[in-house]
Structure formats: C-alpha cells, structure tokens
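S.K.:
Numbering (this note's numbering), first residue to last: 3 to 593.
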C-alpha cells in the first residue's frame with residue numbers, strides 16, 4: 003500500500019497530514035478516533051459484553067466497512083477487492099481449523115487424550131510441572147518448527163486431557179508460545195521483517211530482538227505458574243522456570259550470534275524440550291507436591307458435566323467437542339503412551355523434516371494457488387498495488403495437510419487396534435456423527451476468522467491502520483516512541499493474527515518513523531516491532547479461535563482474552579521500557 007504515486011509513506015509532522023502527490027490522508031484526532039472505532043467495538047463486544055467471536059467480529063467488520071466508505075473515501079469497488087483479499091487470507095487459517103478438528107476427533111473418539119493423561123501421569127503426577135512442560139516448553143518447540151496456530155491446536159487439548167480447565171487450556175499455550183513467534187517457524191516473521199525494511203544491520207537487529215524476546219519468555223514461565231497457583235506455585239516452580247528460560251532465552255541469544263537467526267529458536271526450543279527429562283527426575287518435580295495451596299486452573303472432576311458453570315473457566319459444557327473421556331476408564335483398556343502420542347509424533351516429524359530438508363520443503367511448496375487482484379485507490383489517495391497472484395497458497399506444505407496426514411496415520415493405527423469400538427462401549431449415550439461434530443464447531447469458527455481478516459484488510463487498504471500508527475508517531479518523542487513500538491507490533495498481530503503480517507504492515511513505517519525522529523536506535527525499534535508482534539500472538543483472533551475450537555469452547559473467546567490481554571499489555575510495556583533503557587545506555591546502535 004502507498005499514498006498515490008509517492009514512494010513509501012512520508013509523514014508531514016507540521017500539517018498532521020500524510021501526503022502523496024495531490025492526495026492527502028488526514029492524521030488528526032477525528033480520523034484516528036474513527037479508525038480506532040472498529041477495534042474498540044470489537045474489544046467491547048468480546049470482552050465486556052462476552053459476545054461470541056463470530057458475532058463480535060461481524061460488528062467489527064461492518065464498522066470498519068462503514069468507516070472506510072463514509073470517512074476514508076473508499077469506493078465500493080475497492081471495498082469489494084479488500085474484502086475478497088480478507089476472505090482469501092482466511093482460507094489459509096480455515097485450512098488449519100478443519101484439519102485440526104478432524105485431528106482432534108480422530109484421537110478423542112479412541113480415548114487417545116485420556117490415554118495420554120493417564121500414561122503421562124504414571125511418570126510424574128506433578129501437575130504444575132506438566133502444565134509448564136506442555137504449556138510452555140512443548141508448545142515453544144512446536145512453534146519453532148510449525149507455527150500458524152498449530153502449536154495451540156495441539157497443546158490445548160493435551161492440557162485439557164491433563165485436567166486443565168478449558169479456558170486456561172487455551173490461554174496458557176497462547177502465553178507460553180508467544181516468545182517463539184519471530185525466530186520460530188524457522189524465522190518466517192524475521193525474514194519478512196528483513197525483506198520489508200532493508201535494515202542497516204541485520205546482525206545487530208537480530209541480537210536486539212533476541213534480547214527483547216527473552217523478556218516474554220521468562221515472564222511466560224512465571225505467569226503460567228502464577229495462573230496455576232499464585233505465589234505458592236511461583237515459588238515452587240522458580241528453579242525450573244529459571245533453568246528453562248536460561249536455555250530458551252540465553253540459548254536463542256547465543257544462537258543468533260553464531261548461526262543464521264532463522265534457526266535460533268529451533269535450537270533453543272529443542273534443548274529446552276530435552277531438558278525436561280533431567281528436570282522430571284529431580285526429586286522436587288518427580289512427584290505431586292502439597293506446597294501449593296490452590297490449584298486454580300485444574301478441574302477436579304473430569305466428567306463432561308463437571309464445572310460447567312458458564313463462566314468459561316470450568317469444564318467443557320455439554321456439547322463441547324473437547325470433553326475428556328470417562329476418567330474412571332480402566333487403564334488396561336487404554337492404548338499405550340506410544341500409540342496415544344503417535345499423531346503428535348507424526349506431526350512433529352513431518353514439520354521437522356520438511357523444514358530442515360530444504361529440497362523436500364521446496365518441492366512441496368512449489369505447487370501454489372493464488373488469486374489476482376487489481377490496483378485499488380481511495381478518495382484520500384491510499385493506493386494498493388495490483389497483486390498477481392496475491393498471497394499464494396501452497397497446500398502441500400501447509401500445516402493443514404500435515405494435520406490431515408497425522409490424523410490419517412492415527413485413524414489407521416487406532417482402528418486396527420480396535421480402540422474406537424472400546425471407546426464407544428465406554429461412552430455414555432450415542433455419540434454424534436463425526437462430520438456433524440466437526441461442522442458444529444467449524445462453522446462459527448470459520449465465520450469469525452473470515453470476519454476478522456476482512457476487517458483487517460478493510461482497515462489496511464482504506465488507510466485506517468496508517469492513520470492509527472502515524473497518529474501515534476506524530477505526538478511521540480524518541481523515548482516515548484521506543485516505548486510504544488512493541489505496542490504497535492502487538493496491535494498489528496491482533497489485527498492480522500500474524501506476527502509476519504504485522505512486520506510487513508508496520509515494519510517499514512516503524513523504520514521510517516525512527517529515522518525521522520532521530521536519537522533512537524533503528525535496531526531497537528525494529529526489534530521492538532517484531533517482539534511486540536510475537537507477544538501480540540497471544541491475543542490474535544486467529545490463534546484464539548483455533549484454541550477455543552480445539553478445546554471445544556467456541557464462543558468463549560472473550561474469556562480467553564480476559565486472561566491474555568492484560569498479559570500482552572504488561573509484557574509489551576516491559577519490552578518498551580527495556581528499549582528505552584537500552585537506547586539511553588547507548589547499546590545496540592543508537593541511530
């Protein structure tokens with residue numbers, strides 16, 4: 003996107019206008035307020051009114067369209083193109099949601115999650131250790147190799163099977179995986195930032211980013227412990243958290259200095275995962291503990307009706323897809339741990355091999371499908387260039403395909419072992435048809451995803467996003483802008499459900515603003531942008547919906563956001579403060 007024929011996005015701080023050729027995009031409180039209106043309505047309906055995601059997202063989408071048409075001079079034709087792009091963007095996410103539901107039901111209907119819970123607890127029944135192991139360490143490893151919401155889809159039902167309340171089974175991995183969202187997925191978001199900014203020093207920026215990402219990593223560990231059992235849990239888990247964070251944050255920081263940054267997170271996350279073995283053998287974590295008075299995230303009774311109190315934090319209500327199997331099921335009827343873990347092992351292996359074996363990954367990714375869209379312009383001079391193709395989709399290398407292959411492997415193994423018949427004999431009442439169970443959750447989730455992404459594209463192509471970002475920058479000093487840069491990155495991740503998209507959307511703008519303000523390190527600003535985008539993944543609608551879908555609580559996205567929004571705001575602010583302090587100390591290349 004650009005302003006008329008101008009190159010880039012020049013800002014005129016004197017007139018408060020973005021100028022390009024003869025067109026002018028106003029940057030003032032009225033236009034900024036109108037641009038913020040869709041976001042405010044979305045948050046109000048989700049968090050305060052507790053509307054379901056597809057209802058709240060529809061309000062946000064229509065309000066963004068109304069603002070674009072009436073205030074930002076967006077023609078109907080341009081609005082149609084932007085909306086179509088949003089729908090196309092949603093295809094990528096929907097191809098994770100549907101396979102994720104298939105993946106879940108294939109396992110759940112064979113009592114695979116109950117087997118995982120029972121077998122894992124035979125190694126250690128230390129609940130806090132297991133919650134941290136899955137909700138922080140394992141989800142980070144999954145993010146390092148897969149991403150695109152897959153870690154949340156995988157870990158949320160695992161936590162649920164361990165007895166974690168549904169809302170927390172989604173919120174915990176959202177918090178736990180956030181730090182891995184830039185250098186994870188083999189550096190997709192990082193590479194996007196490098197491409198759109200032409201940064202002065204890739205090495206210094208990578209180093210600054212690794213420093214900043216250590217903050218959400220460390221805080222995530224302590225936050226999950228706090229959520230689990232407040233001060234007692236934090237005190238008890240502190241040694242494990244410090245050790246793992248040293249491996250994660252310190253390992254990633256060291257790795258970016260000696261290997262390509264896109265492999266840094268994979269290295270750190272893998273070592274962190276391997277460290278769980280010795281930690282599990284430590285007497286402190288080998289058995290259950292009575293040192294924690296409250297277990298706030300755990301469901302005492304795993305039966306479907308237990309705790310269904312309607313507040314989104316108890317057990318899944320009747321009709322949810324992710325109710326654990328009967329907790330009293332006899333162990334000798336359950337499959338082995340190896341068989342229960344088979345689909346997850348297959349998924350991890352496919353993701354790892356296709357990521358590391360470059361020729362194979364390239365071959366699978368060579369088949370792409372994309373749509374062409376024409377250039378569009380608004381009455382205020384915001385021009386979005388033609389795209390041919392726009393955001394091409396590679397189905398063979400997509401996480402959705404990996405999920406389907408993993409589900410097929412599990413289905414064949416479980417059917418051969420007769421586990422579906424055994425599970426059906428234990429079930430209370432008749433189970434709904436497989437397809438009906440999948441679609442009952444997929445339809446509202448799909449409506450929400452499409453509405454969110456159409457809203458994001460309308461705000462971007464009409465200039466609303468640009469006005470919000472430039473309005474913030476126009477009143478900022480170098481120090482205050484350094485503080486705000488990760489918050490802008492988080493806003494981008496919230497709007498687009500992607501750190502990669504946030505970097506593409508705001509990376510160049512943040513770089514230009516830092517250059518115009520002076521006295522602030524470009525490396526720190528760009529690092530703040532991507533660190534903020536990583537943190538913001540904990541509130542990205544796409545990830546939240548994927549999580550609630552996998553946990554069987556579609557419609558309770560607002561409950562999840564009430565946990566993750568304060569965390570994102572606090573951590574992004576701490577990262578912003580770190581940027582201010584590092585810049586004041588003259589570290590990491592003051593511009």
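From the three backbone atoms N, C-alpha and C, an ideal C-beta is built for every residue, glycine too. Quick caveat: nothing in here was measured; it's all calculated off a predicted structure.
Between which two residues does the alpha helix (DSSP H) containing residue 106 stretch?
M.R.: 78-110
S.K.: Terminal residues of the continuous alpha helix (DSSP H) containing residue 590?
M.R.: Segment: none, residue 590 is in no alpha helix (DSSP H) and carries neither H nor E.
S.K.: With the cut-off set at 8 Å, would you say residue 499 and residue 535 are in Cβ contact?
M.R.: no
S.K.: Report the option in 521, 140, 242 and 67 whose CA atom is closest to the CA atom of residue 350.
M.R.: Nearest in C-alpha terms to residue 350, of all of 521, 140, 242 and 67, is 140.
S.K.: DSSP on residue 321, reduced to helix/strand/coil?
M.R.: With a pLDDT of only 37 at residue 321, under the threshold of 50, the placement of this residue in the model should not be trusted; the figure read from the coordinates follows. Looking at residue 321 - three-state DSSP - the assignment turns out to be coil, as it is neither helix nor strand.
S.K.: Out of 555, 425, 216 and 458, which has the shortest C-alpha to C-alpha gap to residue 542?
M.R.: Distance check between residue 542 and each of 555, 425, 216 and 458 places 458 closest, using alpha-carbon atoms only.
S.K.: Go ahead and label residue 437 buried or exposed: buried means 16 or more other beta carbons lie within 10 angstroms of its beta carbon, across all protein chains shown.
M.R.: By the neighbour-count rule (16 or more Cβ atoms within 10 Å), residue 437 is not buried but exposed.
S.K.: When you compare only the Cα positions, how much space is there between residue 566 and residue 177?
M.R.: 7 Å
S.K.: With which residues is residue 300 paired in a DSSP beta bridge?
M.R.: 166
S.K.: Quick one: residues in its chain with C-beta nearer than 6 Å to the C-beta of residue 221, no 5 flanking neighbours on either side, listed in chain order?
M.R.: 573
S.K.: Identify whether residue 359 lies in helix, strand or coil by the three-state DSSP scheme.
M.R.: Three-state result, residue 359: coil.
S.K.: Which complete alpha helix (DSSP H) runs does the stretch 123-168 hold, if anything under 4 residues is left out?
M.R.: 129-134, 141-147 and 152-163
S.K.: So, do the stretch 370-377 and the stretch 156-166 have three or more beta carbon pairs nearer to each other than 8 Å?
M.R.: With the cut-off at 8 Å, the stretch 370-377 and the stretch 156-166 do not touch.
S.K.: Near residue 274, what residues of its chain come up, given a Cβ to Cβ distance below 6 Å and the 5 sequence neighbours on each side ignored?
M.R.: 139, 246, 249 and 250
S.K.: Would you mind stating whether residue 264 and residue 346 have Cβ atoms separated by less than 8 Å?
M.R.: No, Cβ-Cβ distance for residue 264 and residue 346 is not below 8 Å.
S.K.: Do the CB positions of residue 35 and residue 456 come within less than 8 Å of each other?
M.R.: no
S.K.: Within the same chain, show all residues whose beta-carbon is closer than 7 Å to that of residue 125, passing over the 5 residues directly before and after it, in chain order.
M.R.: 282
S.K.: Using DSSP with H/G/I as helix, E/B as strand and the rest coil, what is residue 51?
M.R.: coil
S.K.: Count the other CB atoms, across all protein chains shown, that sit within 10 Å of the CB of residue 474; report buried if there are 16 or more and exposed otherwise.
M.R.: buried
S.K.: Among 175, 148 and 105, which residue has its Cα nearest to the Cα of residue 606?
M.R.: Past the boundaries of the shown model lies residue 606; the chain is included only from 3 to 593, so the question cannot be answered.
S.K.: Quick check: the Cα distance between residue 237 and residue 423, rounded to an integer number of angstroms?
M.R.: Computed Cα separation, rounded: 45 Å.
S.K.: In whole angstroms, give me the CA-to-CA distance for residue 116 and residue 239.
M.R.: Cα-Cα distance, rounded: 26 Å.
S.K.: As a quick exercise: from 533, 226 and 257, pick the residue whose alpha carbon is nearest that of residue 495.
M.R.: Looking at the Cα atoms, 533 is the closest of the given residues.
S.K.: Can you tell me the Cβ-Cβ gap for residue 450 and residue 59, rounded? I've got them flagged as a contact below 8 Å.
M.R.: 5 Å
S.K.: Taking the DSSP output, what are the residues bridged to residue 595?
M.R.: The chain is shown from 3 up to 593; residue 595 falls before or after that span and cannot be answered.
S.K.: Residue 398 to residue 368, Cα distance in whole Å?
M.R.: The alpha-carbon atoms of residue 398 and residue 368 are separated by roughly 9 Å.
S.K.: Out of 571, 161, 201 and 341, point me to the one whose CA is closest to residue 485's CA.
M.R.: Of the listed residues, the one whose Cα sits closest to residue 485 is 571.
S.K.: Evaluate the contact criterion for the stretch 140-149 versus the stretch 92-105: three or more CB pairs, one atom per stretch, below 8 Å.
M.R.: At 8 Å Cβ cutoff, the stretches do not touch.
S.K.: Who are the near neighbours of residue 465 in its chain, counting only those whose CB is closer than 7 Å to its CB and skipping five residues on each side?
M.R.: 27, 74, 380, 382 and 384
S.K.: For residue 40, count the other beta carbons within 10 Å of its own beta carbon; 16 or more makes it buried, fewer makes it exposed. Which is it?
M.R.: buried
S.K.: On the three-state DSSP scale, how would you describe residue 329?
M.R.: Caution is warranted here: a pLDDT of 38 is assigned to residue 329, below 50, making its placement in the model unreliable, and no coordinate value can be reported.
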